[in-house]
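Student:
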Amino acid sequence: MNLKQHLTRWKKETLDPLLNRFSERKPVFKTSSEIPLPRLAIPRTGEEEYLEKLGFPGEYPYTRGVYPNMYRGRFWTMRQYAGYASAEESNRRYRYLLEQGQTGLSVAFDLPTQIGYDADHPISAGEVGKVGVSISSLRDMEVLFKDIPLDKVSTSMTINAPAAILLAMYIAVAKRQGVEVSQLRGTIQNDILKEYVARGTYIFPPQPSMRLITDVFQYCQREVPRWNTISISGYHIREAGSTAVQEVAFTLANGIAYVQAAIDSGLDVDKFARQLSFFFNAHNNFLEEVAKFRAARRLWAKIMRERFGAQQPRSMMLRFHTQTAGSTLTAQQPQNNVARVTLQALAAVLGGTQSLHTNSMDEALWLPTERSVRVALRTQQIIAHESGVADSVDPLGGSYLLENLTDEIVSRAEEYIQKIDNLGGAMSAIDRGFIQQEIQDAAYRNQRALEEEEEIRVGVNAFQVEEDLDLDRLGVDPTIEANQRAGLKKIREGRDSAKVSQLLGRLEEAARSSENLMPLFIECVENDLSLGEITGVLRKVWGEYDPPNWV
Numbered sequence: 288m289n290l291k292q293h294l295t296r297w298k299k300e301t302l303d304p305l306l307n308r309f310s311e312r313k314p315v316f317k318t319s320s321e322i323p324l325p326r327l328a329i330p331r332t333g334e335e336e337y338l339e340k341l342g343f344p345g346e347y348p349y350t351r352g353v354y355p356n357m358y359r360g361r362f363w364t365m366r367q368y369a370g371y372a373s374a375e376e377s378n379r380r381y382r383y384l385l386e387q388g389q390t391g392l393s394v395a396f397d398l399p400t401q402i403g404y405d406a407d408h409p410i411s412a413g414e415v416g417k418v419g420v421s422i423s424s425l426r427d428m429e430v431l432f433k434d435i436p437l438d439k440v441s442t443s444m445t446i447n448a449p450a451a452i453l454l455a456m457y458i459a460v461a462k463r464q465g466v467e468v469s470q471l472r473g474t475i476q477n478d479i480l481k482e483y484v485a486r487g488t489y490i491f492p493p494q495p496s497m498r499l500i501t502d503v504f505q506y507c508q509r510e511v512p513r514w515n516t517i518s519i520s521g522y523h524i525r526e527a528g529s530t531a532v533q534e535v536a537f538t539l540a541n542g543i544a545y546v547q548a549a550i551d552s553g554l555d556v557d558k559f560a561r562q563l564s565f566f567f568n569a570h571n572n573f574l575e576e577v578a579k580f581r582a583a584r585r586l587w588a589k590i591m592r593e594r595f596g597a598q599q600p601r602s603m604m605l606r607f608h609t610q611t612a613g614s615t616l617t618a619q620q621p622q623n624n625v626a627r628v629t630l631q632a633l634a635a636v637l638g639g640t641q642s643l644h645t646n647s648m649d650e651a652l653w654l655p656t657e658r659s660v661r662v663a664l665r666t667q668q669i670i671a672h673e674s675g676v677a678d679s680v681d682p683l684g685g686s687y688l689l690e691n692l693t694d695e696i697v698s699r700a701e702e703y704i705q706k707i708d709n710l711g712g713a714m715s716a717i718d719r720g721f722i723q724q725e726i727q728d729a730a731y732r733n734q735r736a737l738e739e740e741e742e743i744r745v746g747v748n749a750f751q752v753e754e755d756l757d758l759d760r761l762g763v764d765p766t767i768e769a770n771q772r773a774g775l776k777k778i779r780e781g782r783d784s785a786k787v788s789q790l791l792g793r794l795e796e797a798a799r800s801s802e803n804l805m806p807l808f809i810e811c812v813e814n815d816l817s818l819g820e821i822t823g824v825l826r827k828v829w830g831e832y833d834p835p836n837w838v
């Protein structure tokens, strides 16, 4: 077959059917949140009002960024979410990433750790070290950060239900390194409400879970003032299938619940609010994503000033970490994921993120290799150093289309927040299943759009090819679980059993009181109590969360 014949066949069998399918439908130009896109956007208000609403970077309502100089001062923190197998393996990956120019660490924990079980618990069988690093004791945490000076790096830990205990371990490691606790910088996710609606790694019922969160707020306000005590997460809400508008609305509604809980516990809003941070998804619809970040900043500033009476500028700033969208990665033609991640990362940067993780191209298939992680990190570095977008503060600000999208997202998110307020707030809305149902409905609509080819996913429902994957694969040591069990056994045999019994009794008593648990958690881990032993006491006192049936 010559070239002309090949082209004729390709046009007949591939191109013409595609064009016919598209010609049968009238194009619908709208965002993932059903916001119509005009052919040409124009300002909705007069020029003076338009400019006043936009404001300036670093000034209320922070639509254009939380800092006056943004990336002209310094780039966003470049993180790569990493953690697998043993603490030794993950430590090697962290040191590799830091050598490649990464500027912050982001720790992934395995499922047993996320739900508070030790590696030797029967429920952990088969899951130890599979989707993150296995951490059962302070000894594991020490190995995880071996030769990494904790006063020189910013560490983010994706941990929620047992976040206070993992933070206690991190603080204990810092103390053993001789680092002043007040100098520690980083974030624990510590966002339990989104676990109830989107992710599922909860342990305790809502009330004691909120108590743990406010205990962390109180402790860090005094002892670890540079630490972000919570990362209020829209990322997992979006991964579960929400729209961009829902991601903003439900995340900020959860934020309102945390702020109110902290105030109710006696904290001053201007003393703890500066340690709040957020975590958003960077999805595929480029302009909607940029507008989403701007809308979230504007809304949060208004909420903090008007609802909670915050006075300090830092109390009103929405500072956020971004991760590119794992749910958009495809196992088909995985090299295409490099392009997807690049566009998503660029949207996060143009939206003014403070920290960014870029997914690796092979993550829809398996744990990323060093090579694919390096490409993901280089994507951020190319955007920072070669694209020019970091040279100007808010380079897309003033675009009529972008500002109209920002206004629309603000308006629609406010409607959702009002509905949640009418239901009694985020916790009540979760208990009634409102937020869960809204996310499920949006996910269903999106899946139908893919199946009916109203939305094109390159390589999945269009432009498919037959392929043999030629990618390296990361191997995980099959002995990891046995080694972790043996390590725990050795720790238990070598510790002071009388001291352990005393601490377990004190912990049970404290859990039944209103005492701040953070100092006791630190004392427990320093005396080699394991994660599972600590959460076991809390389970005994508080019970476990049993999600309602909303059928």
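FYI, the numbering for the sequence shown is 288 to 838, going by the numbering used here. Don't be surprised by glycine CBs; every beta carbon is placed ideally from N, CA and C.
1) What three-state label does DSSP hand M604 in the structure shown?
2) For Q494 versus T445, is the C-beta spacing smaller than 7 Å?
3) Apply the 10 Å Cβ neighbour rule to N836 and answer buried if 16 or more other Cβ atoms are within range, or exposed otherwise.
4) Quick check on the burial criterion: 16 or more other C-beta atoms within 10 angstroms. Buried or exposed for G528?
5) Note down the Cα distance separating R584 from G746, rounded to an integer number of angstroms.
6) Report the rounded CA-to-CA distance for M603 versus N770, giving the unit in angstroms.
7) Can you check whether the CB of Q508 is closer than 7 Å to the CB of K558?
8) So, does the stretch 363-380 touch the stretch 713-720, judging by three or more C-beta pairs under 8 Å?
9) Closest to L324 by C-alpha separation, out of P806, E754, H570 and L692, would be which residue?
10) Quick check on M357: does DSSP put it in helix, strand or coil?
11) Which residues mark the beginning and the end of the alpha helix (DSSP H) in which T474 is found?
12) Determine whether the beta carbon atoms of Y349 and A677 lie at a separation below 7 Å.
13) With distances taken from CA atoms, which of K433, K439 and A395 is nearest S421?
14) Please go through the same chain and pick out, in chain order, the residues whose beta-carbon is closer than 6 Å to the beta-carbon of G542, but skip the five residues on each side of it.
15) In this structure, what does DSSP give as the bridge partners for G391?
16) On the criterion of 16 or more Cβ atoms from any shown chain inside 10 Å, does Q751 qualify as buried, or is it exposed?
17) So, with DSSP's three-state summary, where would you put P449?
18) Which word fits D833, buried or exposed, when buried means at least 16 other C-beta atoms lie within 10 angstroms of its C-beta?
19) Does DSSP put Q620 in a helix, in a strand, or in coil?
20) Identify whether K317 lies in helix, strand or coil by the three-state DSSP scheme.
21) If we call anything under 7 Å between Cβ atoms a contact, is A549 one with T488?
22) Can you list, in chain order, the residues of its chain whose CB lies under 7 Å from that of S659, leaving out five sequence neighbours each side?
23) Specify the secondary structure class of L794 as computed by DSSP and reduced to three states.
24) Enumerate, from N- to C-terminal direction, the unbroken beta strand (DSSP E) stretches of 3 or more residues contained entirely within the stretch 740-817.
25) Give the single residue among I435, A451, T390 and L437 whose Cα lies nearest to the Cα of Q401.
26) Under 7 Å Cβ to Cβ from Q667, same chain only, skipping five residues before and after it: list those, please.
27) Give the straight-line distance between the Cα atoms of S320 and A531, rounded to the nearest whole angstrom.
28) For R426, does the count of other Cβ atoms within 10 angstroms reach 16, so buried, or fall short, so exposed?
29) Going by C-alpha distance, which of T656, L637 and D757 is nearest L384?
30) Express the C-alpha separation of W587 and E482 in angstroms, rounding to a whole number.
31) Give, in chain order, every unbroken run of the beta strand (DSSP E) that is at least 3 residues long and sits entirely within the stretch 528-606.
32) Classify I821 as buried or exposed, calling it buried when 16 or more other Cβ atoms lie within 10 Å of its own Cβ.
33) Does the distance from the C-beta atom of I524 to that of A485 stay below 7 Å?
34) So, helix, strand or coil for H644, using DSSP?
35) Assuming E831 and I490 make a contact with CB atoms under 8 Å, what is their CB distance in whole Å?
36) Please state the DSSP three-state secondary structure of T488.
Tutor: Well, looking at it:
1) coil
2) no
3) exposed
4) buried
5) 35 Å
6) 47 Å
7) yes
8) no
9) L692
10) helix
11) Per DSSP, T474 belongs to no alpha helix (DSSP H); it is in the beta strand (DSSP E), R472 to I475.
12) no
13) A395
14) I519
15) R366 and S441
16) exposed
17) coil
18) exposed
19) coil
20) strand
21) no
22) Beyond the five residues adjoining it in sequence on each side, S659 comes within less than 7 Å, by CB distance, of S647, M648 and D649 in the same chain, given in chain order.
23) helix
24) none
25) A451
26) M365, A632, L643 and T645
27) Computed Cα separation, rounded: 6 Å.
28) buried
29) T656
30) 21 Å
31) As far as the stretch 528-606 is concerned, its whole beta strand (DSSP E) runs of at least 3 residues are 563-569.
32) buried
33) yes
34) Looking at H644 - three-state DSSP - the assignment turns out to be strand.
35) 6 Å
36) Residue state, collapsed to three classes: coil.
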